[in-house]
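Data block below; observations after.
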Amino acid sequence: MAIIGRRQQQGVAAAAATLVALMAVVVAAAAEAQPSPGVYPSRMFRAREFGRDFRSLWGAEHQQQEAAAPETGVTVWLDRRSGSGFKSRRAYRSGYFGAWVRLQRGYTAGVITAFYLSNGEAHPGWHDEVDMEFLGTTPGKPYTLQTNVFSLGSGDPPRSLGREIKFHLWFDPTADFHHYAILWTSDHIIFLVDDVPIRRYGRRSAGGAAGFPARPMWVYGSIWDASSWATEDGRYRADYSYQPFVARFSAFLLRGCSPHAPRTCAAPVAGDLTAAQLAAMRWAQRFHMVYNYCYDPKRDHSLTPECRTHLHPSSSSSNSSSSSYHG
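When the letters of the sequence shown are read in order and numbered with mature numbering (1 follows the signal peptide of the UniProt record, and there is no 0), they come out as residues -33 to -1, 1 to 294.
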């Protein structure tokens, strides 16, 4: 009887182990399977001509329009001499702004490729900014996509109050082009990856105008050396034996309201998310968010009112992936 009992226990243990393994496979599959957002703004608009809508801001010798699509694409690169940046010729007070981007594989530590909105030149030391930054990495580790929002100089020294939320993407961003976009309305800022909303930042939750960009901004792209902080808090720096570091942008989408447009002018895509979009955002935040400033115990959350509704006594992890977070 004792032998039979032991065999039964071993069988139960084996079955339990198999069940746990199967559950792990199911969870992993759920994490990798991108849900359909149901709405695809990247397909709604015609791509803009790079030369018509953008100009070189710095490092012009480190830019080249794509030979296959000179009207829509540009390649920028970083080497020992310089990086590169470009800027839209027009400012916008709201809109939908997107681009297809392909990043460099291999050793890219310390290097940042960015697609963002800003008015830093118009308001130096007191500017607004909305960022999508790809933080370089070392072989075998994924890129980190950092989203951030600054308002009324919150990103300018000595304040430097960031609202960073970071993600590891569910695909290899070096294998092909993927679409990254910012939707900026009077009430919300929504970050999207391949049309999946990954973050929503609301004007009301941010404490109104004080925490929400409302002044006209331009659209920028750049590649630059941020070795002091970009990769694992500066542990790994740019190694120029791997130069040039290259980023490719293609098929820019710029649809928005100019600063002098009538008040009736609105962003071409609604800021309200559908049930499918909300479900897709919860998936992205649950399985792919790796850092959320609202859950960082080192941060002073009295300065970020949008965090108050999401913090609770058990929220002690700085990389919590709360699926209810919309900040």
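For each residue, glycine too, the CB sits at the ideal point set by N, CA and C.
- In this chain, R60 is not harboured by any beta strand (DSSP E), its DSSP state being neither H nor E.
- W250 and F12 have their C-alpha atoms spaced approximately 26 Å apart.
- E96 is classed as buried because its beta carbon has at least 16 other beta carbons within 10 Å across all chains shown.
- Taking a contact to require three or more Cβ pairs closer than 8 Å, the segment 54 to 73 and the segment 185 to 196 qualify as touching.
- Here I149 really is in contact with F158; their C-beta atoms are around 6 Å apart, less than 8 Å.
- Here A205 is near S194, since their CB atoms are less than 8 Å apart.
- For Q244, the uninterrupted alpha helix (DSSP H) run begins and ends at A242 to H255, by DSSP.
- About 11 Å separates the Cβ atoms of D162 and P2, ruling out a contact at the 8 Å cut-off.
- When the five nearest sequence neighbours on each side are left out, the beta carbons in the same chain lying within less than 6 Å of the beta carbon of T111 are those of L102 and K133, in order along the chain.
- The closest CA to that of N86, considering only I79, H94 and L24, is found on H94.
- The segment 76 to 139 contains, as complete beta strand (DSSP E) runs of 3+ residues, the segments 78 to 85, 96 to 102, 111 to 117 and 132 to 134 (chain order).
- If you check the CB distance, S217 and T39 come in under 8 Å.
- Between Y74 and T42, the C-beta gap is not smaller than 8 Å, which leaves the two residues out of contact.
- Here the alpha carbons of G50 and P125 stand approximately 25 Å from one another.
- Within its own chain, the residues whose Cβ lies closer than 6 Å to the Cβ of P235, once the five positions on either side in sequence are excluded, are Y63 and R222, listed in chain order.
- The three-state secondary structure of L270, taken from DSSP, is helix.
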